[in-house]
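Visitor: Numbering (the UniProt record's numbering), first residue to last: 1 to 291.
Glycine included, C-beta positions come from ideal geometry on N, C-alpha and C.
I have a structure I would like to understand better, so I am pasting it below and will then ask my questions one at a time.
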Amino acid sequence: MWTDWALLVAVNLVWSLNIVFVKLSVDAVAPLTAAFLRQLIFGLVCLPFIRIVPGKMRIILSIAVISGGMFYVLTNFALANAENVAAVAIVGQLSAPFSVILSVIFLGERIRLPRIAGIAMAFIGVLLVGFDPRIVHEGLALLLNAAAAFVWAIGSILTRRVSDVPVRTLFAWIGLVGSINMAALSLIFEPGAMAGVPDLAPATFGAIAFSAIGSTLIGHGGFSWLVQRHPINVVIPYTLVSPILAVIFSAMAFGAPVTALAVFGGIVTLAGVTIITLRSARKGLVVEESA
Numbered sequence: 001m002w003t004d005w006a007l008l009v010a011v012n013l014v015w016s017l018n019i020v021f022v023k024l025s026v027d028a029v030a031p032l033t034a035a036f037l038r039q040l041i042f043g044l045v046c047l048p049f050i051r052i053v054p055g056k057m058r059i060i061l062s063i064a065v066i067s068g069g070m071f072y073v074l075t076n077f078a079l080a081n082a083e084n085v086a087a088v089a090i091v092g093q094l095s096a097p098f099s100v101i102l103s104v105i106f107l108g109e110r111i112r113l114p115r116i117a118g119i120a121m122a123f124i125g126v127l128l129v130g131f132d133p134r135i136v137h138e139g140l141a142l143l144l145n146a147a148a149a150f151v152w153a154i155g156s157i158l159t160r161r162v163s164d165v166p167v168r169t170l171f172a173w174i175g176l177v178g179s180i181n182m183a184a185l186s187l188i189f190e191p192g193a194m195a196g197v198p199d200l201a202p203a204t205f206g207a208i209a210f211s212a213i214g215s216t217l218i219g220h221g222g223f224s225w226l227v228q229r230h231p232i233n234v235v236i237p238y239t240l241v242s243p244i245l246a247v248i249f250s251a252m253a254f255g256a257p258v259t260a261l262a263v264f265g266g267i268v269t270l271a272g273v274t275i276i277t278l279r280s281a282r283k284g285l286v287v288e289e290s291a
């Protein structure tokens, strides 16, 4: 049992620290190139598990393009344009309400008042953060990360349709397709950055590797392992600390101004996400945060 607790602590830590390391990486190297390096590391680690899955490849490749490409383009550009990373971290929590909304529209899922209230709270909280006078100039970064959260939600909905595919196989395709797509985009739009990859500092490679291996393999891989061993509604509550820690670590790492309105908006958003996540867990559904 102690190993499960240790893994749970590790999952929370790598998820909450991920945004800090992604910001460090995009401050050191162009966003598309950083995304390429991340997916390359991730893809190489997962490559031994790649398999052709008959009848599922179209949706697997769609997930790979969305979750392994589009999501990281938006996230990296959001953080590259952000000064207040804590505010961006709060907006990233919209992946939870977006996932529920898409489930209602495309999967016919029914939701009751508590989750409706949670969705409303999440969006109201983000609006409060976005209209904070000391954060309003971060509009582009906030919008990009909101779009990233929406894209992540789309990928999550599609992933439900391949629940019988091993996670490691899905990860392998996401890494492979993502690295190919990011390499092409980087070569087209950031040729100078790609040429400078051999000269990057070891610390930059370390930050990118942490995001690739820590957040995805340890974070999402560890989470998947835990929910296979324990009921979802038991595991989920213990992961709710990660978005709170992400906001705290972001504020501490980058010295972003913390205003009363931003704190209140963040509390409202996180409370809404907590309601959504806990109520979804009671139904046996998983609402993971964006990576």
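Using the Cα positions of W225 and P231, report the straight-line distance between them to the nearest angstrom.
Guide: Within the sequence shown, the letter at position 225 stands for residue 225. Within the sequence shown, the letter at position 231 stands for residue 231. Roughly 11 Å between the two C-alpha positions.
Visitor: Would you call D132 buried or exposed, if buried means 16 or more other Cβ atoms sit within 10 Å of its Cβ?
Guide: Start at 1 with the first residue of the sequence shown, and residue 132 comes out as number 132. Classification of D132: buried, given that the 10 Å Cβ count is 16 or more.
Visitor: How far does the alpha helix (DSSP H) with V91 in it reach, from first residue to last?
Guide: Along the sequence shown, one-based indexing puts residue 91 at 91. Start and end: 85-92.
Visitor: According to DSSP, is L240 part of a helix, a strand, or is it coil?
Guide: Walking along the sequence shown from the start, residue 240 turns up at place 240. Here L240 sits in coil by DSSP.
Visitor: If you follow the alpha helix (DSSP H) that N145 is in, where does it begin and where does it stop?
Guide: As a working note, residue 145 is residue 145 in the sequence shown. Unbroken alpha helix (DSSP H) run through N145: 139-160.
Visitor: Check whether the stretch 257-275 touches the stretch 12-29, counting contact only when three or more Cβ pairs, one atom from each stretch, lie closer than 8 Å.
Guide: No, the stretch 257-275 is not in contact with the stretch 12-29.
Visitor: Have a look at M182 and R279 and give me their C-alpha separation to the nearest angstrom.
Guide: Taking the sequence shown and counting its residues from 1, one reaches residue 182 at position 182. Taking the sequence shown and counting its residues from 1, one reaches residue 279 at position 279. One C-alpha to the other measures close to 36 Å.
Visitor: Does the stretch 44-58 come close enough to the stretch 233-249 that 3 or more CB-CB pairs lie under 8 Å?
Guide: At 8 Å Cβ cutoff, the stretches do not touch.
Visitor: Would you decide whether L128 is buried or exposed? Buried here means 16 or more other CB atoms lie within 10 Å of its CB.
Guide: Position 128 of the sequence shown holds residue 128. Classification for L128: buried.
Visitor: Classify G139 as buried or exposed, calling it buried when 16 or more other Cβ atoms lie within 10 Å of its own Cβ.
Guide: Along the sequence shown, read from residue 1 onward, the residue named residue 139 stands at position 139. So G139 counts as exposed.
Visitor: Given that a residue counts as buried once 16 or more other Cβ atoms are within 10 Å of its Cβ, and exposed if not, what is I154?
Guide: Here residue 154 is taken as the residue at index 154 of the sequence shown, counted from 1. The residue in question, I154, is buried, as its Cβ has 16 or more Cβ neighbours within 10 Å.
Visitor: In or out: V151 buried (at least 16 other Cβ within 10 Å) or exposed?
Guide: By 1-based counting over the sequence shown, the position of residue 151 is 151. By the neighbour-count rule (16 or more Cβ atoms within 10 Å), V151 is buried.
Visitor: My output table needs one value for D199: the three-state DSSP class, helix, strand or coil.
Guide: As a first step, residue 199 is located in the sequence shown; it is residue number 199 there, counting from the start. Three-state DSSP puts D199 in a helix.
Visitor: Nearest by alpha-carbon distance to L217: which of W5, N12, W2 is it?
Guide: Looking up residue 217 in the sequence shown gives position 217. With distances taken between Cα atoms, L217 lies closest to N12.
Visitor: Taking the straight line between their C-alpha atoms, what separation do you get for P243 and F254?
Guide: Position 243 of the sequence shown, counted from the start, is the residue given in the question as residue 243. Position 254 of the sequence shown, counted from the start, is the residue given in the question as residue 254. Straight-line Cα distance between these residues: approximately 17 Å.
Visitor: If we ignore side chains and look at the alpha-carbon of each, how far apart do I105 and S99 end up?
Guide: For the purposes of this step, residue 105 is identified with residue 105 of the sequence shown, where counting begins at 1. For the purposes of this step, residue 99 is identified with residue 99 of the sequence shown, where counting begins at 1. Approximately 10 Å, taken between the alpha carbons.
Visitor: On a CA-only basis, which of N18, V85, A193 is nearest G266? Give me that one, please.
Guide: Position 266 of the sequence shown holds residue 266. Out of N18, V85, A193, V85 has the C-alpha closest to the C-alpha of G266.
Visitor: Please name the residue, chosen from A193, F123, G214, E190, that lies closest to A149 on a Cα-to-Cα basis.
Guide: The residue labelled residue 149 in the question sits at position 149 within the sequence shown. Nearest C-alpha to A149: F123.
Visitor: Specify the secondary structure class of D164 as computed by DSSP and reduced to three states.
Guide: As a first step, residue 164 must be located in the sequence shown, where it is residue number 164. Three-state result, D164: coil.
Visitor: Specify, as a first and last residue, the run of the alpha helix (DSSP H) that L44 falls within.
Guide: Counted from its first residue, the sequence shown places residue 44 at position 44. First-last of the alpha helix (DSSP H) with L44: 31-46.
Visitor: My understanding is that A141 touches N81, with C-beta atoms under 8 Å, so please give their C-beta distance in whole angstroms.
Guide: Here residue 141 is taken as the residue at index 141 of the sequence shown, counted from 1. Here residue 81 is taken as the residue at index 81 of the sequence shown, counted from 1. 4 Å between Cβ atoms; contact.
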